[in-house]
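Working notes, beginning with the structure itself.
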Amino acid sequence: MTKPDLKPHLDHAHVRALLKGMIRIRRFESKCAELYTQQKIGGFLHLYDGEEAVAVGVIPLLKPEDRIIATYREHGHALARGMPMTTVLAEMYGKVEGCSGGRGGSMHLFSQEANFYGGNAIVGGGLPLAVGLALADKMQGSGGVTACFFGEGAVAEGEFHEALNLSSLWDLPVLFVCENNGYAMGTALDLTEAQTDISAKARSYSIQGETVDGMDIVAVEAATRRALNAIKETGKPYFLECRTYRFRAHSMFDAQNYRTKGEVEDWREKGPIVRFQGWLQETGLLHADEIKAIVAEVDAEIAEAVAFAEAGTDEPPETLTRYVTAPERPAAPIPAKPAKMVETTYREAVKAGIVEAIERDERVFLMGEDVGHYGGCYAVSKGLLDRFGADRIRDTPLSESGFTGAGIGAAIAGMRPIVEVMTVNFSLLALDQILNTAATYRHMSNNQFGVPVVIRMATGAGRQLAAQHSHSLEGWYGHIPGLRILTPATLEDARGMLWTALQDPDPVLIFENVMLYNMTGELAENAGAVDIDHAVVRREGTDLTLITYGGSLFKSLDAAEELAKQGVNTEVIDLRCLRPLDMPTILASVAKTHRALIVDEGWKTGSLSAEIGMQLAEDAFFDLDAPLARVCSAEVPIPYAAHLEAAAIPQVPGIVAAALKLVGRE
19 MTKPDLKPHL DHAHVRALLK GMIRIRRFES KCAELYTQQK IGGFLHLYDG
69 EEAVAVGVIP LLKPEDRIIA TYREHGHALA RGMPMTTVLA EMYGKVEGCS
119 GGRGGSMHLF SQEANFYGGN AIVGGGLPLA VGLALADKMQ GSGGVTACFF
169 GEGAVAEGEF HEALNLSSLW DLPVLFVCEN NGYAMGTALD LTEAQTDISA
219 KARSYSIQGE TVDGMDIVAV EAATRRALNA IKETGKPYFL ECRTYRFRAH
269 SMFDAQNYRT KGEVEDWREK GPIVRFQGWL QETGLLHADE IKAIVAEVDA
319 EIAEAVAFAE AGTDEPPETL TRYVTAPERP AAPIPAKPAK MVETTYREAV
369 KAGIVEAIER DERVFLMGED VGHYGGCYAV SKGLLDRFGA DRIRDTPLSE
419 SGFTGAGIGA AIAGMRPIVE VMTVNFSLLA LDQILNTAAT YRHMSNNQFG
469 VPVVIRMATG AGRQLAAQHS HSLEGWYGHI PGLRILTPAT LEDARGMLWT
519 ALQDPDPVLI FENVMLYNMT GELAENAGAV DIDHAVVRRE GTDLTLITYG
569 GSLFKSLDAA EELAKQGVNT EVIDLRCLRP LDMPTILASV AKTHRALIVD
619 EGWKTGSLSA EIGMQLAEDA FFDLDAPLAR VCSAEVPIPY AAHLEAAAIP
669 QVPGIVAAAL KLVGRE
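Offset between the sequence shown (1-based) and the working numbering: plus 18.
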């Protein structure tokens, strides 16, 4: 077997390419600073000035099929990856011709063609995505590597530790590149970290790594060659800490009061371009006239990029909401004629949906806390580990942001993960990944990347689990554009919504009410995928429309039966999907009954019921013969004591009383 050649070959062509790569980034950044002061570039502008040796020393060694996750300081990474300077600058101008259609800006450069998965404005936010991208490559057997760039400030974030742990635990091909410029935003590393040897943190997770002089491009390239060779041989992650320095401010807003001008000048004297260019001239590898030619080539390219950006066009406001979700979605499934009916539970119906999905699509896998050996907190996945193995039923650490982000990354890379978060309250630990990544990626990348992930979680109260395990927060998630929110209440929906959700090109969150898992009933043996776009009228009526979802559906149906005894004919709508809301079904019902009562297990203030009520006020005001009304959870953290817990959430008597008041029978 031939021993790999791990040394840089410093022939004339290569050293010229290295120097030009750094000069190209440096002079582009200088032009960006000038354009920013002219207000041609808006928002934050984080320049890469001084760190060029890292991008140019690492990225050209990656294969085209390898993936890159960058930081908000990613202009240098994008240029080193070969993204056209024209479209990069046009993006910073916010123009349609930009690499992200003007939707991402300086901190969010994307390129599907270049396998460049964007900068991330959330410090450390890209780390879990890199884990997921690498997980997809491992499960697909592609042989690809994901390079993840981040600053030393990210090592204080939980996502850093969660990502390193997962990548090591699962032996994933990730090249972690920490660009340690010493200051995070404006605070020196030794003021924020008890352990300032960052590569030591990686070693604590059993990840091989090294520290390299990030101002020495030859050293960076040599270290990268060793790293990529180690990943190729072992399939395991590798960690590079590149000790570098940014010559400019954290961003163009930064007054830099935390360091002296003398310190910056000292670092400039040992900067990567000065250092490498001086050595090349000393050794005769490059002469002054060649360097002058490089500068001229770069300046011509920058001038072309400026002209391209200046001539760019603004996106018309009429297309503002394009690509919030995918422009095309699969057609709604056509249910098969029910065959033999069998007795089952809601829990078993959910499990049957998971089993069907894994058997039908090799891209599908289940991941989450205790889903494997334990069988799931609510026993939904019991027995599935033995049936499908640890690759498809993947236990995760208790690291919601880390494994949710990994699921999102795997989905972006073409897998179809089902991420299980144990309870809705725990999902708040993953809110960064759900809100800032899953919900934004398609729009922010101008439809270059979608996130077809399904995230399941238990929601609701009734089991005496007290305030940190019992809330109904699905209405919160219903506030976020880019997500689809499902609340299956029936056995058919518990089984069938999952498969339809997995066909959806956008992120889908499924909220399963804890009080439904033990519910029994009959389900057709051939039950399959169901429509996830429309609400359903579960009970026809003429006097009043009851609008609800999830755990409150059956309470509302019981209330409707009680109202019938008192002569009130009540229609019950099961919303099923909280975002987007099926308002046509609601409006049609209210046009018939002329009264609306919304039952929502969320808190009243800022609730989903408030949104539905406002839309009814806007679009059905003249159909109403009575004020809008709602029954919600009390404005209190859900208590432990059974009688107080029951009093805190909607119950049948409260629904009946509110309905009678609406029809004048109080």
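For each residue, glycine too, the CB sits at the ideal point set by N, CA and C. Keep in mind it's a predicted model, so treat the numbers as computed, not measured.
Can we say the segment 173-191 touches the segment 232-245, given the rule of at least three CB pairs closer than 8 Å? They do not touch, by the three-pair rule.
With three or more beta-carbon pairs closer than 8 Å as the criterion, would you say the segment 403-418 touches the segment 510-526? Between the segment 403-418 and the segment 510-526 there are fewer than three inter-stretch CB-CB distances shorter than 8 Å, so the stretches are not counted as touching.
Check your understanding: If you follow the beta strand (DSSP E) that TRP621 is part of, which residue opens it and which one closes it?
Key -> On the sequence shown, position 603 is the one that residue 621 refers to. Its beta strand (DSSP E) spans residues 614-621.
Measure the Cβ-Cβ separation of GLY200 and LEU209 and say whether it is below 7 Å.
As a first step, residue 200 must be located in the sequence shown, where it is residue number 182. As a first step, residue 209 must be located in the sequence shown, where it is residue number 191. Between GLY200 and LEU209, the C-beta gap is not smaller than 7 Å, which leaves the two residues out of contact.
- Query: Just the Cα atoms here: how many angstroms apart are VAL163 and HIS612?
  - Reply: Stepping through the sequence shown from its first residue, residue 163 is reached at position 145. Stepping through the sequence shown from its first residue, residue 612 is reached at position 594. The straight-line gap from Cα to Cα measures roughly 60 Å.
Give me the DSSP bridge partner(s) of GLY539.
Looking up residue 539 in the sequence shown gives position 521. GLY539 is bridged to THR362.
By how many angstroms is the C-alpha of CYS650 removed from the C-alpha of LYS622? In the sequence shown, residue 622 corresponds to position 604, counting from 1. In the sequence shown, residue 650 corresponds to position 632, counting from 1. The straight-line gap separating the alpha-carbon atoms of LYS622 and CYS650 is approximately 5 Å.
In whole angstroms, what separates the C-alpha of ALA15 from that of ALA148?
-> No statement about residue 15 is possible, as the shown extent of the chain runs from 19 to 684 and does not include it.
**Prompt:** Are the beta-carbon atoms of ASP189 and LYS254 separated by less than 7 Å?
**Reply:** In the sequence shown, counting from the first residue as 1, residue 189 sits at position 171. In the sequence shown, counting from the first residue as 1, residue 254 sits at position 236. Less than 7 Å divides the Cβ of ASP189 from the Cβ of LYS254.
> Given a threshold of 16 other Cβ atoms within 10 Å of its Cβ, counted over all protein chains shown, does ALA664 qualify as buried or as exposed?
Replying inline: Indexing the sequence shown from 1 puts residue 664 at position 646. Here ALA664 is exposed. Its C-beta has fewer than 16 other C-beta atoms within 10 Å.
Practice prompt. Measure from the alpha carbon of LYS49 to the alpha carbon of each residue in LEU65, VAL555, ASP234 and LEU193, then state which is nearest.
Written response: Here residue 49 is taken as the residue at index 31 of the sequence shown, counted from 1. That would be LEU65, whose Cα lies nearest to the Cα of LYS49.
- According to DSSP, is THR331 helix, strand or coil? Against the sequence shown, residue 331 aligns to sequence position 313. It is coil, neither helix nor strand.
Other residues of its chain near GLY371: CB distance less than 8 Å, five sequence neighbours each side excluded = Along the sequence shown, one-based indexing puts residue 371 at 353. Closer than 8 Å at the Cβ level, and outside the excluded window around GLY371, lie ALA512, ARG513, GLY514, MET515, LEU516 and TRP517.
Q | Separation of ALA172 from GLY227, as counted between CA atoms | A | Taking the first residue of the sequence shown as position 1, residue 227 is located at position 209. Taking the first residue of the sequence shown as position 1, residue 172 is located at position 154. Answer to the nearest angstrom: the Cα atoms are 17 Å apart.
By the 10 Å Cβ neighbour count, where 16 or more other Cβ atoms means buried, how is TYR459 classified, buried or exposed? Walking along the sequence shown from the start, residue 459 turns up at place 441. Buried, by the Cβ-count rule.
- request: Could you say if the segment 428-448 and the segment 150-169 meet the contact criterion of at least three C-beta pairs nearer than 8 Å?
  value: A contact exists between the segment 428-448 and the segment 150-169.
- Query: How do the segment 536-555 and the segment 355-364 stand: do at least 3 beta-carbon pairs fall below 8 Å, yes or no?
  - Reply: Using a Cβ-Cβ distance cut-off of 8 Å, the segment 536-555 and the segment 355-364 are in contact, since at least three pairs of beta carbons, one from each stretch, lie closer than that value.
Please classify VAL2: does DSSP put it in a helix, a strand, or coil? Since the first and last residues shown for the chain are 19 and 684, residue 2 lies out of range.
Notebook entry, point to check: Identify the residues that DSSP records as bridge partners of GLU387: which are they?
Noted result: As a first step, residue 387 is located in the sequence shown; it is residue number 369 there, counting from the start. Its beta-bridge partners are THR414.
Point to revise | Best match in TYR567, MET40, PRO335 and GLY682 for proximity to ILE528 [C-alpha to C-alpha] | key: Translated into positions along the sequence shown, residue 528 becomes position 510. ILE528 has its Cα closest to that of TYR567, out of TYR567, MET40, PRO335 and GLY682.
In angstroms with no decimal places, state the Cα-to-Cα distance between PRO356 and ASN544.
For the purposes of this step, residue 356 is taken as residue 338 along the sequence shown, with counting starting at 1. For the purposes of this step, residue 544 is taken as residue 526 along the sequence shown, with counting starting at 1. Near 6 Å, if we compare the C-alpha coordinates of ASN544 and PRO356.
| Residues in its own chain within less than 7 Å of TYR111 by CB, not counting five upstream and five downstream? | Stepping through the sequence shown from its first residue, residue 111 is reached at position 93. Correct list, in chain order: LYS58, ILE59, ALA327 and GLY330.
Buried or exposed: ASP450, going by 16 or more other Cβ atoms within 10 Å of its Cβ?
-> Walking along the sequence shown from the start, residue 450 turns up at place 432. That one is buried.
Q.
Count Cβ pairs between the segment 125-137 and the segment 337-349 that sit closer than 8 Å; are there 3 or more?
A. At 8 Å Cβ cutoff, the stretches do not touch.
Please report how far the alpha carbon of ASN536 lies from the alpha carbon of ARG557, in whole angstroms. Numbered from its first residue, the sequence shown carries residue 536 at position 518. Numbered from its first residue, the sequence shown carries residue 557 at position 539. Across the structure, ASN536 and ARG557 are spaced so that their CA atoms are roughly 23 Å apart.
query: Assuming PRO435 contacts VAL471 under a Cβ cut-off of 8 Å, what Cβ separation, rounded to an integer in Å, is found between them?
result: Locating residue 435 in the sequence shown gives position 417, where the first residue counts as 1. Locating residue 471 in the sequence shown gives position 453, where the first residue counts as 1. The pair is a contact, with the Cβ atoms about 6 Å apart (cut-off 8 Å).
_Run through the DSSP bridge pairs and tell me what PRO435 is partnered with._
Start at 1 with the first residue of the sequence shown, and residue 435 comes out as number 417. Its beta-bridge partners are PHE383.
From the DSSP output, in three-state form, read off SER129 for me.
Position 111 of the sequence shown, counted from the first residue, corresponds to residue 129. In the structure shown, SER129 sits in a strand (DSSP, three-state: E or B).
* Do you know offhand how far LEU36's Cα is from TYR223's? -> One-based indexing of the sequence shown puts residue 36 at position 18. One-based indexing of the sequence shown puts residue 223 at position 205. About 33 Å.
> Can you tell me where the alpha helix (DSSP H) with ALA448 in it begins and where it stops?
Replying inline: Start at 1 with the first residue of the sequence shown, and residue 448 comes out as number 430. Counting along the chain, ALA448 falls outside any alpha helix (DSSP H), and DSSP gives it neither H nor E.
Legend entry - Residue of GLY75, GLU319 and PRO290 minimising C-alpha distance to ASP67: Counting from one through the sequence shown, the residue named residue 67 turns up at place 49. Cα-wise, what sits closest to ASP67 is PRO290.
Give me the Cβ distance between VAL681 and VAL586, rounded to the nearest whole Å; I'm assuming they're in contact under 8 Å. Position 663 of the sequence shown, counted from the start, is the residue given in the question as residue 681. Position 568 of the sequence shown, counted from the start, is the residue given in the question as residue 586. Sure, about 6 Å apart at Cβ, within 8 Å.
Next item on the list: Given a cut-off of 7 Å, decide if GLU438 and ARG474 are closer than it, judged by their beta-carbon atoms.
Entry: Indexing the sequence shown from 1 puts residue 474 at position 456. Indexing the sequence shown from 1 puts residue 438 at position 420. By the CB criterion at 7 Å, ARG474 and GLU438 fall inside the cutoff.
Rounded to the nearest angstrom, what separates LEU581 and ALA614 at their Cα positions?
As a first step, residue 581 must be located in the sequence shown, where it is residue number 563. As a first step, residue 614 must be located in the sequence shown, where it is residue number 596. Taking the Cα positions, LEU581 is about 14 Å away from ALA614.
query: What residues in its chain sit with their C-beta under 7 Å from that of VAL282, if we drop five residues either side in the sequence?
result: By 1-based counting over the sequence shown, the position of residue 282 is 264. Exclusion of the five residues before and after VAL282 leaves PHE265 as the residues of its chain whose Cβ lies within less than 7 Å of its Cβ.
Query - Pairwise C-alpha distance: LEU596 and THR505 - result: Mapped onto the sequence shown, residue 505 falls at position 487. Mapped onto the sequence shown, residue 596 falls at position 578. Whole-angstrom Cα-Cα distance: 7 Å.
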